[in-house]
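Participant: In the order they appear, the protein sequences are chains A, B, C and D.
Here the first sequence is numbered in the numbering used here, starting from 3 and rising by one per residue.
Here the second sequence is numbered in the numbering used here, starting from 3 and rising by one per residue.
Here the third sequence is numbered in the numbering used here, starting from 3 and rising by one per residue.
Here the fourth sequence is numbered in the numbering used here, starting from 3 and rising by one per residue.
Number of protein chains: 4
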Amino acid sequence: MDRIKPIKITKDMKISELVSEMEEAGFGARKIGQASEIMKKMFSDSACTVFLGVAGAMVPAGMKEILIDMIKEDKISVFVTTGANLTHDLAEALGESHYACDVWDDVDFSKKGFDRIHNVFMKNTTYEKIERFFEENWEKFQNCKNITSFLRKIGELLLKEENSLLRICYEKNIPIFCPSIADSGIGLMVWGRLAAGKKLSIDAFEDMKSLIDIAWNSKKKGVIYLGGGVPKNFIQQSLQFSTGADYGIQITVDRPEPGGSSGAPLEEGISWGKLKPTAKRNSDYADVFCDATIALPLLWASVK
Amino acid sequence: MDRIKPIKITKDMKISELVSEMEEAGFGARKIGQASEIMKKMFSDSACTVFLGVAGAMVPAGMKEILIDMIKEDKISVFVTTGANLTHDLAEALGESHYACDVWDDVDFSKKGFDRIHNVFMKNTTYEKIERFFEENWEKFQNCKNITSFLRKIGELLLKEENSLLRICYEKNIPIFCPSIADSGIGLMVWGRLAAGKKLSIDAFEDMKSLIDIAWNSKKKGVIYLGGGVPKNFIQQSLQFSTGADYGIQITVDRPEPGGSSGAPLEEGISWGKLKPTAKRNSDYADVFCDATIALPLLWASVK
Amino acid sequence: MDRIKPIKITKDMKISELVSEMEEAGFGARKIGQASEIMKKMFSDSACTVFLGVAGAMVPAGMKEILIDMIKEDKISVFVTTGANLTHDLAEALGESHYACDVWDDVDFSKKGFDRIHNVFMKNTTYEKIERFFEENWEKFQNCKNITSFLRKIGELLLKEENSLLRICYEKNIPIFCPSIADSGIGLMVWGRLAAGKKLSIDAFEDMKSLIDIAWNSKKKGVIYLGGGVPKNFIQQSLQFSTGADYGIQITVDRPEPGGSSGAPLEEGISWGKLKPTAKRNSDYADVFCDATIALPLLWASVK
Amino acid sequence: MDRIKPIKITKDMKISELVSEMEEAGFGARKIGQASEIMKKMFSDSACTVFLGVAGAMVPAGMKEILIDMIKEDKISVFVTTGANLTHDLAEALGESHYACDVWDDVDFSKKGFDRIHNVFMKNTTYEKIERFFEENWEKFQNCKNITSFLRKIGELLLKEENSLLRICYEKNIPIFCPSIADSGIGLMVWGRLAAGKKLSIDAFEDMKSLIDIAWNSKKKGVIYLGGGVPKNFIQQSLQFSTGADYGIQITVDRPEPGGSSGAPLEEGISWGKLKPTAKRNSDYADVFCDATIALPLLWASVK
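Next comes the structure, spelled out in structure tokens:
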């Protein structure tokens, strides 16, 4: 029986020290500690392919550098995300910014052209830069026949020095999957070109093959889900049709009761074959109930 | 000042009577009552196009008949949903069932081939029927060039008498949008055919035009979101690029704090232009904090 | 294996019919249906003592009549609640009201003397009536030596015709337990008298004996928790020291992860002896994840 | 306009550095950063009396040392908590421990006499030590006439070297308020003595005077709520009857929609006079949506 050991904070304490102490505490702190151990296992197991699923809008919240670091340091093999994250990443790569708002009035913001995302906003004019990017580069996308290659081309077109998820994935040759790309600012800009009579032909299903192939060809698999949504589900279904994950970390505050995939505990995945039946709760996989903008920095700092 | 009037339950009380009483109570009950009034406004305003966004897995939870009824009774003009809902709908149309589980063991379920969705499960063999459906009908999809027409064709291929969302949308000529269709059992079955060397060419972006056209051409707009996810966001971005909604109802238990679109209050949409700045809280739009499988039957019964 | 049966809404459908249909659906709807069945078992089992724990501020939200009805119809044997509910009940018994607010400004409300409780408020002047009540009746409380008898005396002092929880419990001889009574408007009014030099001597612990005695002397026990808090915990600890509950219903949206009693699933109580190890999940006990102002009217209408 | 600055994790990064970076990010991370700044203001303002309200069961989760440190370092003037925290603190002071469980079976735990609190448990035999403590010291409590003095006496009776909240509050002369003390293991042990014919006379209301006096006599006030429940509400009502708080931090994942005090945003307190109308959101007060076992260590490390 493991005794709960109270967390003792010392002056100038390192994050890694705190996360170690959390592992011996209870409730949510314990889960952070356990997720850190699972992350270490996943990252140090050379047979393990790591699938990272990132929902929501992590880029405007300031999580971009951490994700870029994870990719730069070769921790991630497959990146699945929402169009939102890629749109915000592209916006920043093109010189646009996100801004903080601690008090706001949505009617006033609508007049100012400020698009609010909880306590963050971007200027509506941000879309103009993205539009121009696609206008200027439209012809270069003509050879892209699926979403992955379309996103890879965006990364290629960005400048080397740009601090961008799209760019780093291009440089590190990490495939980006985003089945719902139409549902995003990037989608809107593509629609704008198509509406203007331009052509582009991106297949909706073709990417699935390469993702499932990766899943099939991976000896072991680790999954990290920040939020749920399409990124989690798309990774899960590729595992379901190969073999389940060996390791898993899920960071979400969504509830299981309404039955959606986003709030489902990782354990539910065992029934589907998305997680191995031999995987052990809180040792091989852990559900972390926390805002990802709090938990991710802690976890990354603890394994770095 | 409106006094709170305690809810009085009478013997054999009708749902519509309860929802009326709820409107004069407080907290969540009040929101149900207000959402009912907003639904009535939306449905009785002949200038209003109603966009229904349904996330999650509402079909396995037994919400199919209500959604079908709403479409049958001409309340809905546009249906946006997840691949999950369409896959489960197709499975039931092909004679498969969903089952209840109140106690379970995921490892045991994995052996039995039972795929669990909270307190519901389906048999893994369900996929075989769907696979056969696509195998047998593959050639008939060759003319489908976008996701909407692909989904419409499925509805056409189902038998008249089948009680199905895909079928009723076909019959009523209601377009189904599902940008993340690859992320679903239907997606997996398509992948299976493609992996077997078959051809299909469905464009990932093409649908956007028709959805945004509908938004542009609607004098007034009402939105109903069951859960968030891609369905909510996809409707919202089409409104953002035309004019915002006049009426809105959102049923979700997702939290706003982690910043995702699913948990964002409708009011946030005002800043983006997704909701009209003149729309009034709890009179023109309401956020209902409730499991949709509880709130939707109440709302539908109250307006029927 | 029980098939999920989609809910079918008919015109003028009764609540009891809907709740029956919910029992054959999935997710939260199913839980409502199951809780209704458990409530029927509890209420029809003549050997069963029913403990009702009501947290939060259910009275200002308009739940008073339902609770009064439950007591009037002899469904409840023990009532445990917060000082808030009793204060709001007393305020209404003295002729004060609660009011609805769908849009508000807290700074403005502070100027107007409106005390807000989510989308409900009361006038600050409400306290004056309660103060006067205690001023005028102070001497009559001198024989009350514990919280239960103090609350019973309030009920006795109210007029017969008053629609009040305090009054109906007095009339039906149902003991009210409220260990944290100091933490309420009633507490503040008592403090005001004490600060003015008046005397009153109410014991903080004495009530426990009678509650635990009831628990000991009950052949079977059923518990209904609306919200968690002290009411749930106080009932649970009395069961822990006698024998656990046979039946249980909990309605709350609190989360289990932060480890508090309010969000703990009923099942956790088995380890403590608060719930019998033989009780079956979703058949003898159920956790309903729903705002109590929505779930309680449904449940009460379904068993009435 | 403040740009969102992505969080950059460096090797061996200190917690205080991370919390500083969080303040320039968005979503929940930003709130942690802002709460840290507010905590610094509160602690460095010599005119400010700090009221700490701690709900739930923070001691079994390993938060005891942090709370003790805060008191030792003179950051806290008033401590309001649940009987649960004090019971668990007393148990540990008497040599008992809490244990971790990552996988469990409640029926099995019930046989073993393990009482589960989410992923922590204690042995049922722990109560025996507490019982003996009260048995042996019963006469020493006879002069305690209110809850505060009763709790202070427990602290006095513990040995100097014991690492205990009850002890440190005694040593530092910090009053502990716990209006619902009957609702706890300590309450049960007192009941046991009373049931055995022993006497004790603790007043339920008397403490209110000293708490409200402190509130009245404080030039400025800061509040820190870990969880909600009685501790938050009891502090809030004392402020309501003096003047509202100048600074506030609330850490909870409870929802506002069901209308309970626990989930109410601090801002609601402005209407009641519990928070000053001049206090500024996210600058003077902040609602942190996070498990307190994760947020508290971060905040304390950032201000230490």
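All C-beta atoms, glycine included, are put in the ideal place defined by N, C-alpha and C.
Note that the structure is a prediction, hence the values are computed from the model and not measured.
Examine chain A for any beta-carbon lying closer than 8 Å to the beta-carbon of C/Gly261, and answer yes or no.
Facilitator: yes
Participant: Is there a Cβ of chain E sitting closer than 8 Å to that of B/Trp218, yes or no?
Facilitator: Absent here is chain E; the protein component of the structure consists of chains A, B, C and D.
Participant: Is the CB-CB distance between C/Tyr227 and C/Tyr287 below 8 Å?
Facilitator: no
Participant: For A/Asn139, collect the residues of the same chain with a Cβ closer than 7 Å to its Cβ; drop the 5 residues on either side in sequence, then sort them by chain order.
Facilitator: Leu159
Participant: Name, in chain order, the residues that DSSP records as bridge partners for A/Met124.
Facilitator: A/Asp117
Participant: So for C/Ile6, helix, strand or coil by DSSP?
Facilitator: coil
Participant: Can you find a CB in chain A that lies within less than 8 Å of the CB of D/Ser112?
Facilitator: For D/Ser112, the nearest beta carbon of chain A is not closer than 8 Å to its own beta carbon.
Participant: Let me check understanding here. Comparing Cα to Cα, which of B/Glu26, B/Ala31, B/Ser212 lies closest to C/Pro299?
Facilitator: Ranking B/Glu26, B/Ala31, B/Ser212 by CA distance to the CA of C/Pro299 puts B/Ala31 first.
Participant: Could you name the residues of chain A that B/Leu190 contacts, counting a contact when the two beta carbons are closer than 7 Å?
Facilitator: Gln239, Phe243
Participant: Using a C-beta to C-beta distance shorter than 8 Å, which residues of chain D count as neighbours of C/Asp185?
Facilitator: Pro181, Ser182, Val232, Asn235, Phe236, Gln239
Participant: Should B/Lys306 be flagged as near chain C, meaning a C-beta pair shorter than 8 Å?
Facilitator: yes
Participant: For the alpha helix (DSSP H) containing B/Lys222, list its first residue and its last residue.
Facilitator: Not the alpha helix (DSSP H): B/Lys222 falls in the beta strand (DSSP E), residues 222 to 228.
Participant: Step through the CB atoms of chain A and report whether any lies within less than 8 Å of the CB of D/Leu161.
Facilitator: At a cut-off of 8 Å between C-beta atoms, D/Leu161 does not count as an interface residue with respect to chain A.
Participant: Under 8 Å, do A/Lys33 and A/Val52 count as touching if we go by C-beta distance?
Facilitator: no
Participant: Hey, quick one: how far does the alpha helix (DSSP H) through C/Asp248 stretch, first residue to last?
Facilitator: Premise fails: C/Asp248 is in no alpha helix (DSSP H) and is neither H nor E.
Participant: Looking at chain A, which residues of the region 146 to 159 of chain B have a Cβ within less than 9 Å of any of its Cβ atoms?
Facilitator: Asn148, Ile149, Phe152
Participant: Near B/Arg195, what residues of its chain come up, given a Cβ to Cβ distance below 8 Å and the 5 sequence neighbours on each side ignored?
Facilitator: Phe136, Glu137, Trp140, Leu202
Participant: Report yes or no: is there a C-beta of chain D within less than 8 Å of the C-beta of B/Gly271?
Facilitator: Not a single C-beta of chain D is nearer than 8 Å to the C-beta of B/Gly271.
Participant: State whether the region 252 to 265 of chain C contacts the region 101 to 113 of chain D, with contact taken as three or more CB pairs (one from each stretch) at a distance under 8 Å.
Facilitator: no
Participant: Count the CB pairs spanning the region 84 to 92 of chain C and the region 12 to 24 of chain D that are closer than 8 Å, and state whether there are at least three.
Facilitator: no
Participant: Along chain C, which residues have their Cβ under 7 Å away from the Cβ of D/Pro279?
Facilitator: Val109, Ser112
Participant: Terminal residues of the continuous alpha helix (DSSP H) containing C/Thr295?
Facilitator: 294 to 305
Participant: Return the first residue and the last residue of the alpha helix (DSSP H) that C/Asp185 is part of.
Facilitator: C/Asp185 -> no alpha helix (DSSP H), and no H or E assigned at all.
Participant: To the nearest angstrom, report how far apart D/His120 and D/Trp193 are at their CA atoms.
Facilitator: In a straight line, the C-alpha of D/His120 is about 26 Å away from that of D/Trp193.
Participant: Quick test of the definition: if touching needs 3 or more C-beta pairs under 8 Å, does the region 107 to 127 of chain D touch the region 154 to 173 of chain D?
Facilitator: They do not touch, by the three-pair rule.
Participant: Shortest alpha-carbon distance to C/Asn284 belongs to which of C/Ala294, C/Glu269, C/Ile6, C/Ser273?
Facilitator: C/Glu269
Participant: Which value, in whole angstroms, describes the spacing of the CA atoms of C/Glu164 and C/Glu173?
Facilitator: 11 Å
Participant: Checking the sheet assignment: what are the DSSP bridge partners for C/Thr83?
Facilitator: C/Val56
Participant: Can you check which of these residues, C/Glu39, C/Ala37, C/Met15, C/Phe243, is closest to C/Ile214 by C-alpha distance?
Facilitator: It is C/Phe243.
Participant: Which complete alpha helix (DSSP H) runs does the region 143 to 198 of chain C hold, if anything under 4 residues is left out?
Facilitator: 149 to 159, 167 to 174, 187 to 197
Participant: Is it buried or exposed for D/Met65, if we count other Cβ within 10 angstroms and need 16 for buried?
Facilitator: buried
Participant: Are the CB atoms of D/Thr84 and D/Cys180 nearer to each other than 8 Å?
Facilitator: yes
Participant: Measure how close the beta-carbons of D/Ile11 and A/Lys306 come, nearest whole angstrom, since I'm counting them as under 8 Å.
Facilitator: 6 Å
Participant: What is the DSSP secondary structure of C/Leu268, reduced to helix, strand or coil?
Facilitator: coil
Participant: So what does C/Ser277 bridge to, in DSSP terms?
Facilitator: The question names Ser, but residue 277 of chain C in the sequence shown is Leu. According to DSSP, which records beta bridges pairwise, C/Leu277 is partnered with C/Ala247.
Participant: Which residues, in order along the region 46 to 66 of chain D, keep a beta-carbon less than 8 Å from a beta-carbon of chain C?
Facilitator: Ala57, Gly58, Ala59, Pro62, Ala63
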